[in-house]
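Shown next, in structure tokens, is the structure this report addresses.
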Amino acid sequence: MEEPKAMPFRLPPGCRFYPAEEELLHDYLAGKNAGAGGGARSEGNFSDHIRELELYKHDPFDLPSSACYAYGSGGRKTHWFCYVGNAAAAAAAGRGSGAKRRAKSGFWRRKVRSKAVVGRGGKGDLGTRTTFVFYLGNSSKTAVKTDWILYEYAPIERIKEIKLGLVAFSIGIVNHLDN
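This is the structure we're talking about:
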């Protein structure tokens, strides 16, 4: 895997890209689904900071550096953020219930049911978060569970059916997304 230091946009020194769930759904995914991330960025629209990626054609350990964001002390920890079309997620799920998504050399298995993400102060549902764990191998019986986690965010109002994926390696990560 190449060194995950590249970012799709530059932040000032000392700043890290580490949005909360509410920000991911409201500020990024809602703008992308509304089509606002397509051209010139308007003030307050940051949806184009995250790139579209055919997530399920990659293994988590081979994701491109253009989707990688460093955070933590000295930027030693990384997350990969990307937009994924609902059609791609459905194709990766195949005929199943959506509890499993095929990837290049394994699959993502849903860990728990989707959880509602609510706005500040408990004001209304903004969307859902579904957690997946990556398994190496094609057979459910022989696959090996890994420490790779995928959080898939979907908005309540599905205009263009675009989802947001957040991939993280779980060992040593203190993740504010796991409430």
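Read in the UniProt record's numbering, the sequence shown has 98 at position 98, and its numbers run on one by one without any break. Beta carbons are placed, not taken as given, at the ideal position from N, Cα and C, and that holds for glycine. Here the structure is a predicted model, which is why all the values come from computation and not from measurement.
Between the CA atoms of residue j and residue i - distance to the nearest angstrom
{"i": "G39", "j": "I50", "result": "In this prediction, G39 scores a pLDDT of 41, lower than 50, which makes its location untrustworthy; the coordinate-derived value is nonetheless stated afterwards. C-alpha separation (whole angstroms): 13 angstroms."}
{"i": "E161", "j": "R16", "result": "28 angstroms"}
{"i": "R120", "j": "A20", "result": "11 angstroms"}
{"i": "F61", "j": "Y28", "result": "24 angstroms"}
{"i": "K77", "j": "T130", "result": "22 angstroms"}
{"i": "V112", "j": "V133", "result": "10 angstroms"}
{"i": "A143", "j": "A93", "result": "17 angstroms"}
{"i": "A103", "j": "A154", "result": "19 angstroms"}
{"i": "C82", "j": "R101", "result": "16 angstroms"}
{"i": "R110", "j": "S65", "result": "25 angstroms"}
{"i": "V127", "j": "L25", "result": "It should be noted that the sequence gives Gly, not Val, for residue 127. Spanning the two alpha carbons is a distance of roughly 7 angstroms."}
{"i": "I149", "j": "K163", "result": "16 angstroms"}
Minimum C-alpha distance to residue i - residue among the options
{"i": "A90", "options": "Y135, L55, W148, L25", "result": "L55"}
{"i": "F169", "options": "P155, Y151, I156", "result": "Y151"}
{"i": "G122", "options": "A70, E22, Y18", "result": "E22"}
{"i": "S114", "options": "Y71, T146, D125, S105", "result": "D125"}
{"i": "S47", "options": "D59, L63, A30", "result": "A30"}
{"i": "V117", "options": "R101, I156, V84, Y71", "result": "I156"}
{"i": "H58", "options": "G127, F107, L164", "result": "F107"}
{"i": "Y18", "options": "Y71, A88, S65, G85", "result": "Y71"}
{"i": "S105", "options": "A87, G85, S140, V84", "result": "S140"}
{"i": "L53", "options": "N33, L136, V84, G14", "result": "V84"}
{"i": "V167", "options": "G137, N86, N33, A67", "result": "A67"}
Problem set entry | Inside the UniProt domain "NAC" (11-170) only - alpha helix (DSSP H) runs reaching at least 4 residues | For the UniProt domain "NAC" (11-170), whole alpha helix (DSSP H) runs of length 4 or above, ordered along the chain, are 30-33, 86-93.
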